[in-house]
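Trainee: When you line the sequence shown up against my numbering, it's residues 1 to 170, in that order.
All residues carry an ideal CB built from backbone N, CA and C; glycine is no exception.
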Amino acid sequence: MALLPILEFPDPRLRTRAVPVTAERIADSGFQTLLDDMFQTMYDAPGIGLAASQVDVHERFMVIDVSEEKNAPQVFINPEIVAKAGEQVYQEGCLSVPGIFADVTRADAITVRFLGRTGAAQELQVDGLLAVCIQHEMDHLEGKLFVDYLSPLKREMVKKKLAKAKRNAA
Ligand code: K1U
Ligand code: ZN
């Protein structure tokens, strides 16, 4: 397994809209290795989710594990939200926007249709943190970041803060 580099805001590649994953791709052993590498990268970060877009793979899938024990890995391929209800506000973070946290309002409960790791069709009704995380990762697949929900002024401040952190790290 391998740790993959994670793209960071404002890298323009994070703005790419991902394309659907084909059945042939799911059957490919390289795709299954990529999923393992994404889980390892997510756990190492540490994070609770990782979209393929964040590792410069512009296909519609993501890995998630919101369990405390980090023993409940979930793969979502070609996810679609088919129902939404209510609202919740959660202070989100993002591995592509390190060190920044902000309140984002999203649906409280969602029904998501997707293919699992082996390509089997599934449908789940979820709420709470898992619902937040799925919506956050699906935004990545559209080229959207949680900082896009902030005002332009706050987004500019985030950009400057990250640029300064990068300069200081160099
Ligand atoms: O997509 C990502 O960048 C991953 C992101 C997912 C996410 C977090 C919070 C709300 C919505 C989506 C993260 O995992 S950021 C790190 C994080 O939240 C976390 C890390 C360790 C333990 C618990 C949470
Ligand atoms: Zn993110």
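Excluding sequence positions up to five away, which residues of its chain have a Cβ less than 6 Å from the Cβ of Ala52?
Mentor: Excluding sequence neighbours, Ala52 sits near Glu59, Phe61.
Trainee: Any heavy atom of the ligand K1U closer than 7 Å to the CB of Tyr90?
Mentor: Yes, the ligand K1U has a heavy atom inside 7 Å of this Cβ.
Trainee: For Val55, count neighbouring C-beta atoms within 10 Å of its own C-beta (all shown protein chains included) and say buried if the count is 16 or more, exposed if not.
Mentor: Buried, because 16 or more other Cβ atoms sit within 10 Å of the Cβ of Val55.
Trainee: How long is the line joining the alpha carbons of Phe101 and Asn78, rounded to whole angstroms?
Mentor: Going by the C-alpha atoms only, they are around 27 Å apart.
Trainee: Based on the DSSP secondary-structure assignment, which residues constitute the bridge partners of Met62?
Mentor: DSSP, once it has assigned bridges, lists Ala51, Phe76 as partnering Met62.
Trainee: When burial is assigned at 16 or more other CB atoms within 10 Å of the CB, is Gly116 buried or exposed?
Mentor: Gly116 is exposed by the Cβ-count criterion.
Trainee: Restricting to Cα atoms, I'd like to know which of Thr41, Leu3, Ile81 is closest to Gln122.
Mentor: Of the candidates Thr41, Leu3, Ile81, the one whose C-alpha sits nearest the C-alpha of Gln122 is Ile81.
Trainee: Please tell me whether, using a cut-off of 7 Å, the distance from the CB of Leu95 to the nearest non-hydrogen atom of the ligand ZN is below it.
Mentor: Flag set: Cβ of Leu95 near the ligand ZN.
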